[in-house]
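To start, the structure itself, in structure tokens.
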Amino acid sequence: MKKIYFITGSQDLYGDETLKQVAIDSKEVVQFLDEKISTVDIVWQPTVRNSEEAEDCLIKASADKDCIAVITWMHTFSPAKMWIKGLQRLTKPLLHLHTQYNRELPYSSIDMDFMNLNQSAHGDREFGFICTRLGIKRKVVAGYYKNEKVIKRISNFVDVALAMDFSHNLKVATFGFNMRDVAVTDGDRVESEIRYGWNVNYYGIGDLVTLVNKVTDAEVKEKLDEYNAKYQMNTDNLDAVKEQAKYEIALEKFLSEKKIGAFTDTFEDLHGLNQLPGLAVQNLMSKNYGFGPEGDYKTSALMAVLCKMSENREGATAFLEDYTYDLTEGEELELASHMLEVSPVFAKNQPKIEVHPLGIGGKSAPARLVFDGIEGKGIAVSMVDMGTHFRLICADVELVKQPKEMPKLPVARVMWKILPEFSNGAERWIYAGGAHHAVVSTALTKEDIELFAHLTNTELVIID
């Protein structure tokens, strides 16, 4: 399990008895938080009293591959110049917890010894100043550490820190390249690795075809058993379904062997494949593999990262595409159904496996999942490359029930309202340069994206 270092600040000014009490109190805080937050181990560190100890502890955190973040708390007054060298060496996300050991003041017995021991109101402001002076990107959470709201905010930080650690080690495979002449899905892959850790590499579609041709009948049968257990088989064209099963088996072997967590393909590069991967990609997305169509590596990687961020929460997270509108005045809706690859995490009912022609790519009719979409409040997040920097655009959406049946549309059907209302939301998305590809989530909030953008120093536009 990943871990977070909990570092308590103090100094030698108040004597050994105070320092002993600081250690006892901070251990109790750590034990409580570790029991409440089960996704990581929160690990107590010895009290930091001077510059040397601060630097050693933060270097240790930065060098520990299992450490995904640091929580700091100033139990007493901790002069902030002692933190400068350590903070300059810190490479992990920082949460500054502004709390204190006691919930209430002991009004009848409070004396100067109590004041000197419990002065987070003093020490945390000193520490906060030096973080701001140094330009340290961090999350500040203020409140009593046992309050549910405080625990929730710390837990949300942990989710983002886990996603950032995942992002730092994420490998992305692009089968084929960016769709010809398309601008918004392209991007600087070198800068993506520098800023987010995404190692993005091109692989020829022939690498995948070779694996497809090696898939055995027994493997296909096992995959069909999985499909039948999860989905409703609504086609007699089992050969097309078996073809998709081969694609998924080959893709998962390829991704697993190379430890790749996200991938793209493009209908313009399918040499050696009889179908565009549809059902195969949909089922892989349900297993939290990131995906972007038409070579959109940014959406693919972002999906994988946001799936990691939301894996301990209820709700759905996956790639979706802006496609077409119902512009009935005052009731405007968007049909966010891609031509093929929509994740079944958005399914309101049991998805059906169907086979229909695809009017693009020039290949055989692919098997795909067909279903109606879920309902609920969510966010849509797009990443674009502005040439000088990356930008995240995050907008409120409301997934809704389709107002009428669509019997002739053989794709997954996900519909939403653009908020706060159509013209305002759509115009602002377009002004911001938002792409037609986005990661949509009913599990995450704008605050999660805001924290991720802040900690990765990414420009963020919020539409709400």
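For the sequence shown, the positions run 314 to 777 when this note's numbering is used.
We put the CB at the ideal spot given by N, CA and C, even for glycine.
Linking Asp377 to Asp478 through their CA atoms gives a straight-line distance of about 12 Å. Taking the CA atoms as reference points, Tyr509 sits about 13 Å from Thr404. Note on Ser569: under 16 other CB atoms within 10 angstroms of its CB, so exposed under the neighbour-count rule.
When DSSP assignments are scanned along the stretch 593-669, the uninterrupted stretches of beta strand (DSSP E) that are 3 or more residues long and fall wholly within it turn out to be 603-605, 630-634, 637-639, 646-648, 665-668. With a contact defined as Cβ atoms closer than 8 Å, Ser650 and Ile692 miss out at about 19 Å. Counting along the chain, the unbroken beta strand (DSSP E) around Trp386 starts and ends at 380-387. In this structure, Thr385 keeps its C-beta atom at 9 Å or more from the C-beta atom of Phe345. For Trp729, the pairing in a beta bridge is given by DSSP as Glu647, Leu712. Annotation: Phe580 to Val655 spans about 15 Å, alpha carbon to alpha carbon. 9 Å or more divides the Cβ of Arg681 from the Cβ of Gly746.
Counting along the chain, Met696 sits inside the beta strand (DSSP E) bounded by residues 689-698. Under DSSP, Ser364 takes part in no beta bridge, so it has no partner. Only residues of its own chain outside the window of five on either side were considered, and among them Leu633, Ala649, Ser650, Val655, Phe659, Gly686, Leu712 have a CB closer than 7 Å to the CB of Val727, listed in chain order.
In the three-state DSSP reduction, Lys543 falls in the helix class (H, G or I).
Each of Ala748, Ile775, Thr758, Tyr638 was checked against the Cα of Phe735, and the nearest Cα belongs to Tyr638. Between the beta-carbon of Lys665 and that of Gln588 there is about 17 Å, and that puts the pair past the 8 Å contact cut.
A Cβ-Cβ separation of about 5 Å places Val533 in contact with Lys555 under the 8 Å criterion. Judged by beta-carbon spacing, Pro606 lies beyond the 9 Å limit of Gln557, meaning their Cβ atoms are not closer than that value. Counting only the Cα atoms, Gly738 lies some 7 Å from Ile776.
Check the Cα spacing between Leu551 and each of Leu773, Val618, Leu592: the tightest is with Leu592. DSSP, read as helix, strand or coil, puts Asp354 in strand. Contact annotation: Val471 and Asp761 have beta-carbon atoms that are not nearer than 9 Å. Residue pairing of Tyr744 in beta bridges, as defined by DSSP: absent, with no partner found. Annotated as proximal: Tyr610 and Thr577, with beta-carbon spacing under 9 Å.
Scanning its chain for C-beta atoms nearer than 7 Å, with the 5 sequence neighbours on each side dropped, one finds around Val528 the residues Lys559, Ile562, Ala563, in chain order. Fully contained in the stretch 448-494 are the following alpha helix (DSSP H) runs of length 4 or more, in chain order: 461-481. Cα atoms of Leu332 and Ser468: separation of roughly 28 Å, rounded to the nearest angstrom. By the neighbour-count criterion, in which a residue is buried when 16 or more other Cβ atoms sit within 10 angstroms of its Cβ, Ile743 is exposed. Comparing C-alpha distances from Val383 to each of Val453, Gln324, Phe442 shows the shortest one belongs to Val453.
The beta carbons of Phe488 and Gly456 sit no closer together than 9 Å.
When rounded, the separation of the alpha-carbon atoms in Lys717 and Glu506 is 44 Å. Assignment of His409 by DSSP, reduced to helix, strand and coil, places it in the strand class.
Put simply, the backbone Cα of Tyr318 is about 43 Å away from that of Leu524.
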